[in-house]
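In the numbering used here, the protein residues as written are 6 to 70. The structure appears right after this line, and notes come after that.
Here's what the structure looks like:
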């Protein structure tokens, strides 16, 4: 699984992890740098939004044949 930049969302971009102890990532496509905490926060927010969408979709009434 390839990492995806949380700034440009390009699935083909190269995301590098800094191994200097800073916990930062850098996207070669958009040149943005972001932290592990930013990734965690972004994905947690997305997970909440997807959970609401899934709950909404599951509540769709269906007709039994």
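For each residue, glycine too, the CB sits at the ideal point set by N, CA and C.
Classification of residue i by the beta-carbon crowding that lies within 10 angstroms, buried from 16 upward
i: residue 20; result: buried
i: residue 47; result: exposed
i: residue 41; result: exposed
key: Whole runs of the beta strand (DSSP E) within the region 20–52, excluding any shorter than 3 residues   = 20–22, 29–32 and 38–40
task = Spell out a yes or no on whether the region 49–59 and the region 20–29 are touching, meaning 3 or more CB-CB pairs, one atom from each, closer than 8 Å.
result = no
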